[in-house]
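J.: Protein chains in written order, with the working numbering: chain D, 28 to 252; chain R, 3 to 151. Glycine included, C-beta positions come from ideal geometry on N, C-alpha and C.
This is the structure we're talking about:
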């Protein structure tokens, strides 16, 4: 659906409720796109919490699902940091690859190099991080070439903790991105003909319906004042 | 002109396919709106309106008609650049009630503003006003005119 089609759909829905939106209460396009943005926000917020609960909800936001392998920064001998993209909104899954530091005779090799091992992470909080790091039976301790790094959420990404005998070579995460604004990048006739690709047509129509109901609620509240 | 009661716009778009010109004529009604409402249909930095039915307003003794900037982009390009292009042409038809022709004793031509039967009423009204004037009853003149209205 193009941004222009979204604008028309919004106006048609408003007109079906009141004819005044055709002439005297007609909204300018900037306000319409602002309203639709609010509708998209409400729609995605409602669906995020139930994402993958069933096929319909998964399909509603499938275009917002992003898989990335961000660069890993080594903070110390046992700490690694990953920064998420700015459009990150909600984490769906993550996996890491680990490699031994130094010689490890248990680790599978391919020629002269170690084969990276796929594993998951153990989610921890600031409260229990130290306890886990000091616990000799914690999952992040390497035992027979098996370990799961501890993962702590920080402001703009995650920190991964190992026991220092292995490193995190790759971090991959799947997340739901923040939907882009529907406002045209350039407010021209050409800008309006861009496609909005973050939501499917069906989802965008639902978001527009929410935007219309928000506008009507706002107008009713204004009249009551 | 006393008042406008109908405005329509006819746009002819000519598409050329395999060297053959194919003109398509589209008829549109034009909704007459106030200047205040017309502002909502103006293309500005923050507004690229969707105009499904063209709207028009009388401004400075001229009629301004607002068309959808996307649907009529090729026509608007022709109008804005003021070039004579054969690709798109437009025609605005205005129907209005005009001011009646003034009757003068110097001109005895037929007056076609009203049908024959209406003239009897007009003449009757004129004679009433004339009689009131002769009797110089000013208040009655006023009454007779307002009653006639």
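Given a limit of 7 angstroms on CB to CB distance, which residues of the region 62 to 82 of chain D reach chain R?
T.: none
J.: I want to verify the contact list: residues of chain D whose CB lies under 7 angstroms from the CB of residue 92/R, in sequence order.
T.: Simply none; closest approach about 19 angstroms.
J.: In its own chain, which residues sit with a C-beta less than 7 angstroms from the C-beta of residue 175/D, not counting the 5 before and 5 after it?
T.: Take residue 175/D, set aside five residues on each side of it, and the residues of its chain with a beta-carbon closer than 7 angstroms to its own are 146, 147, 148, 149, 166 and 167, in chain order.
J.: Given residue 7/R, which residues of its chain have a CB within under 7 angstroms of its CB, disregarding the five upstream and five downstream residues?
T.: 97, 98 and 99
J.: Spatial neighbours of residue 171/D within its chain, please: CB distance less than 7 angstroms, with the 5 preceding and 5 following residues excluded, ordered by chain position.
T.: Closer than 7 angstroms at the Cβ level, and outside the excluded window around residue 171/D, lie 133.
J.: Which whole-angstrom value describes the C-beta separation of residue 209/D and residue 35/D, a residue pair presumed to lie in contact below a C-beta threshold of 8 angstroms?
T.: Actually they do not touch by this definition, with Cβ atoms about 13 angstroms apart.
J.: Using a beta-carbon distance below 8 angstroms, is residue 221/D in contact with chain R?
T.: no
J.: Could you give the distance in angstroms between the alpha-carbon of residue 157/D and the alpha-carbon of residue 163/D?
T.: 12 angstroms
J.: For residue 114/R, would you say it is in contact with chain D, using Cβ-to-Cβ distances shorter than 8 angstroms as the test?
T.: no
J.: Helix, strand or coil for residue 128/D per DSSP?
T.: coil
J.: Could you check what DSSP says for residue 147/D in three-state terms: helix, strand or coil?
T.: coil
J.: Got a sec, what are the start and stop residues for the alpha helix (DSSP H) residue 40/D sits in?
T.: 30 to 44
J.: Please report whether the beta-carbon of residue 51/R lies at a distance below 8 angstroms from any beta-carbon of chain D.
T.: yes
J.: To the nearest angstrom, how far is the alpha carbon of residue 63/D from that of residue 226/D?
T.: 12 angstroms
J.: Using a Cβ cut-off of 8 angstroms, pull out every chain D residue sitting near residue 75/R, in sequence order please.
T.: 216
J.: Could you name each continuous beta strand (DSSP E) segment of 3 residues or more that falls completely within the region 20 to 48 of chain R, going from the start of the chain to the end?
T.: 22 to 34
J.: Using a Cβ-Cβ distance cut-off of 8 angstroms, determine whether residue 50/D contacts chain R.
T.: Judged by the 8 angstroms Cβ criterion, residue 50/D is in contact with chain R.
J.: Let me make sure I understand the geometry here. Which of 192/D, 234/D and 247/D has the alpha-carbon closest to that of residue 74/D?
T.: 234/D
J.: Return the chain-ordered list of same chain residues with a C-beta closer than 7 angstroms to the C-beta of residue 5/R, the five sequence neighbours on each side being excluded.
T.: 98 and 99
J.: Measure from the C-beta of residue 45/D to each C-beta in chain R and report whether the shortest distance is under 8 angstroms.
T.: no
J.: Express the C-alpha separation of residue 89/D and residue 62/R in angstroms, rounding to a whole number.
T.: 54 angstroms
J.: Does any residue of chain D bring its CB to less than 8 angstroms from the CB of residue 34/R?
T.: no
J.: Chain D beta carbons: is any one of them nearer than 8 angstroms to that of residue 99/R?
T.: no
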